[in-house]
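Under this note's numbering, think of the first position of the sequence shown as 156, with each following residue one higher.
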Amino acid sequence: MAYYKTNKDGDGCCSHSDGKEHSNEHIYEVHGHDKNEHYGESCGGSGTCRCEDTHKEDGVRHNGANASSKCGCGTGHGRSACGCGCEENFGSLKQTAFQFGTAAVFFILGILFAFIFYDIKLFNFLNLKLSSVFFLASWTAAGYKVLFTSFKNILRGKIFDENFLMSIATIGAFCLGEWSEGAAVMLFYNLGELVQNSAVEKSRKSIIGLMDLRPEFARIYNPEDLNGEKLINPESVKIGTLICIKPGEKIPLDGIITEGSADLDTSSMTGESLPRAVKPGDEVLAGFVNLTGVIIVKTERDVQNTAAAKMLRLIENAQNRKAKVERFITAFAKVYTPIVTAAAVLISVIPPILNSLIFSAPLNGFESFSPWISRGLVFLVISCPCAFVISVPLGYFGGIGGAAKKGILIKGADYVDALSKAGAVVLDKTGTLTNGVLSVQKIIPSKGASDTGMITAEQKEVLTYVLVAEAHSGHPIANAIRKYASENLSGTEYEEFKKADIQNYSEIAGKGISGLYKGKPLFAGTESFVSDNLNGGISRSENSLSGTRVYAAFDGKYLGCIVLSDTVKTDSEDAVKELQALGVKRIEMLTGDNEVSAKEIAEKLKIRYSANLLPHEKVERFETISSEIKAENKNNTVIFAGDGINDAPVLARADAGIAMGGVGSDAAIEAADVVLMNDNPVLIAEAVKLSRFTRKIVWENIGLAFFIKIGFLGLGAFGIADMWGAVFADVGVALLAVFNSLRAAKCRKA
């Protein structure tokens, strides 16, 4: 038996006993006879891969043609790419290292024979020495890809790129007899490629290491046969299936705990180092590791739609979103390269001609042009834009990787820029600045609150009618009321009112619930919503109370209200202080909560606020804030942080929308540009700091490359810089920029 997944091509690569074949690019195959997995490799028969592994050892994974390689993205990497880029980088890293090692050996032999040993002349008519042969071999080993790419691009009409510059410059050096210099240029260019690939791989591994969440197996739980547990491929698990997770095992799928309790390591998803205690009713996510206890989980998502899978796709796709400076550098290189090529030609040709015309110096053929051609070739090598095109995206990539280590997932380099320019941060209240868990604080009947510690008959009346109205709502307020009712009513009473029949049920976002109970109108919701449906209005004696209030009316009679409140997160004050220290000019809280509750929290945090806002009013208020901030400075960006579906419109409108603890909210993940893997508001300030640090590194790279290259271009044009100076100006600067970019991934300071 085999689990398999085919692609659109439908071409077969494995022959199995069931006669079914599947694609060369299958993502996740498990041979049932030995539970081995292989990626992107053809079996070529009964369980034998082209990698020559006969699958006798459990758990061997295959990626591409290499049996020992393991791609963190979990994709097969056949003919089509998954988007993570590792199908190219993993192979190219090893290949480039081998190239460089081979080329370096030949180059050292060339140096030894040229400067230490006796250099044997091989072909008198070519004036070719043994050292030259070694230099040529080194050049070929290091640069065959450059030469091939250059030739291929010329056929496509894409002539002016770094491959063309390196090819022309090194071939020209050989023609001038500068064998060691020509080989050195290509060798050190190859070294630059190696360091670049290594740096990218390091940054990618920092992400993949954090997000190594691919499930290996799922243990199906059968309560009728406790000894009949089956280990199967998680892709085969259907939603609603019960699975068992034992200590030390990784949770394979998102779900809800039905039995057992445990401590979970959630660091792979949230960045939190402390274990999380879970119990029946709690949600768990794929990638969490069970540290203690046995838990039974009812699955809620299939393997393709787990929070972990969504986060991996988010990280992979981040590479495709370029910052404005990246797009500029790419466009600049397309114009810059032809210009410097033309300049190199002019340097090689014009000076000897002018010298002949102005000073009547004789033109002695190639001899007159030779020193100027050498200068032109040096100019070409120096002008290669590698330092720009490598270091800028690598700087952003390193920054995104460094942020991911802290549980901050940024969807692209353009959002790094947006975060770095934050002039205002707008925050949702519930779940962002507060814990987002409401609890009933007081029940106030229409005749006034009772001072007794016990729940009175009047309070019970208010509670039961509100419970009837809120019984079918999924709103957090409804959850809090149901919880309070279950604790303060008898079990029989609670079940009776919770299951009461209500006709014409209607829930209006931001207002409340209406319906017919026992044939009479029932309303529960905001003061204005309930008041509009009453003849006599509502007593305002309780207006001084802080908290969220649910008013209730039945059969045209005002019953009273229930007061609920939330608590400010312990880290909210620190988050605000850090944002202010970063120079964020304006911090404002937007909430649909009442004025009293909003004012209390805003005054505690020392920030502005706007209360009583419906979802569309939040967008309008955000637009106003954005206009005011950008009127002060058009480069200012406005950030919004929220945690729920109601925040999606504002998240989408913001220059950078941040979803707080968004691993469980599809709408938040889709609309947001940044996802925080836990709900600590300090991460908002951390995201701004890391983005500014990343952008600082990018501009350091640009400045470093620009000024050094300008200086060496002048030196090369006047014949002061030779080919070795050109090597430093090209490869040396690129290496400096690459190493500088790696600082972004370390995220030690901002």
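C-beta atoms are modelled at their ideal positions from N, C-alpha and C, and glycine is treated no differently.
| Query | Result |
| --- | --- |
| With a threshold of 16 other CB atoms inside 10 Å of the CB of GLN254, please say whether the residue is buried or exposed. | buried |
| Judging by CA-CA distance, which residue of ALA809, PRO804, PRO402 and SER335 is the nearest neighbour of PHE795? | ALA809 |
| Using beta-carbon positions only, say whether LEU588 and ILE756 come within less than 8 angstroms of one another. | yes |
| By a C-beta neighbour count over all protein chains shown, 10 Å radius and 16 as the cutoff for buried, is ASP656 buried or exposed? | exposed |
| Quick one: give me the first and last residue of the beta strand (DSSP E) that SER765 is part of. | 763-765 |
| What are the complete beta strand (DSSP E) segments, minimum 3 residues, inside the stretch 731-815? | 741-745, 763-765, 792-797 and 811-815 |
| Determine the extent of the alpha helix (DSSP H) in which ALA324 is found, giving its start and end residues. | 317-330 |
| Go to CYS906, then tell me how far its beta strand (DSSP E) extends in each direction, as first and last residue. | No information on residue 906 is available, as it lies outside the stretch 156 to 905 that the chain covers here. |
| Tell me LYS712's beta-bridge partners as DSSP assigns them. | PHE709 |
| Which full runs of the alpha helix (DSSP H) of 4+ residues lie inside the stretch 613-696, going along the chain? | 631-643, 646-653 and 682-686 |
| Ignore the nearest five residues each way along the sequence and tell me which others in LEU890's own chain have a CB closer than 7 angstroms to its CB. | GLY347 and VAL350 |
| What did DSSP end up calling THR611 once you bin it into helix, strand or coil? | coil |
| Measure the CB-CB distance between GLN614 and ILE632 and report whether it falls below 8 angstroms. | no |
| Quick check on DSSP: helix, strand or coil for ILE565? | strand |
| Between ALA432 and ASP418, how many whole angstroms is the CB-CB distance? I'm expecting something under 8 angstroms. | 6 angstroms |
| For GLU379, which of helix, strand or coil comes out of DSSP? | coil |
| For SER628, which option in LEU618, SER645, ILE451 and ALA664 has the closest C-alpha, if you only look at C-alpha atoms? | ALA664 |
| Nearest-angstrom Cα distance between ILE555 and LYS754? | 36 angstroms |
| I need the boundaries of the beta strand (DSSP E) containing THR454, first residue and last residue. | 450-454 |
| Between the Cα of GLU662 and those of LYS653, LYS300 and THR681, spot the shortest distance and give me the residue it belongs to. | THR681 |
| What did DSSP end up calling ASP515 once you bin it into helix, strand or coil? | Per the sequence shown, the amino acid found at residue 515 is Ser instead of Asp. In the structure shown, SER515 sits in coil (DSSP, three-state: anything other than H, G, I, E or B). |
| Have a look at LEU574, LYS479, GLU404 and PRO435 and flag the residue whose alpha-carbon is nearest the alpha-carbon of VAL444. | GLU404 |
| By a C-beta neighbour count over all protein chains shown, 10 Å radius and 16 as the cutoff for buried, is ILE545 buried or exposed? | buried |
| From the DSSP output, in three-state form, read off PRO540 for me. | coil |
| Based on Cα-Cα distance, which residue from PRO402, SER416 and PHE315 lies nearest to ALA498? | PHE315 |
| In chain order, what residues of the same chain lie with their CB nearer than 7 angstroms to the CB of PRO770, ignoring the 5 residues before and after it? | ALA664, GLY665, ASN801 and PRO804 |
| Note down, in chain order, each residue of its chain lying with its Cβ closer than 7 angstroms to the Cβ of ALA811, except the 5 sequence neighbours on either side. | TYR570, ALA573, LEU574, THR792, ILE794, ASP828 and VAL829 |
| Where does THR209 land, buried or exposed, given buried means 16+ other C-beta within 10 angstroms? | A caution first: THR209 carries a pLDDT of 36, below 50, which makes its placement in the model too unreliable to give a value. |
| Using the DSSP secondary-structure output, state which residues sit across from VAL547 in a beta bridge. | Paired residue(s): none; VAL547 is not in a bridge. |
| Output needed for SER223: all residues of its chain with C-beta closer than 7 angstroms, excluding positions within five of it in sequence on either side, in chain order. | Only weak support exists for where SER223 lies, its pLDDT of 32 falling under 50; the value from the coordinates is given anyway. There are no such residues. |
| Compute the beta-carbon to beta-carbon distance between GLY553 and SER896, rounded to the nearest angstrom, for a pair I have assumed lies under 8 angstroms. | 5 angstroms |
| Check the DSSP bridge columns for THR725 and list the partner residues they point to. | Answer is none; THR725 lacks a bridge partner. |
| Look at MET878 and VAL533 and say whether their C-beta atoms are less than 8 angstroms apart. | yes |
| Just how far apart, CA to CA, sit LEU512 and ALA252? | 51 angstroms |
| To the nearest angstrom, report how far apart VAL392 and ILE411 are at their CA atoms. | 15 angstroms |
| Locate the beta strand (DSSP E) running through VAL830, then write down its first and last residues. | 829-831 |
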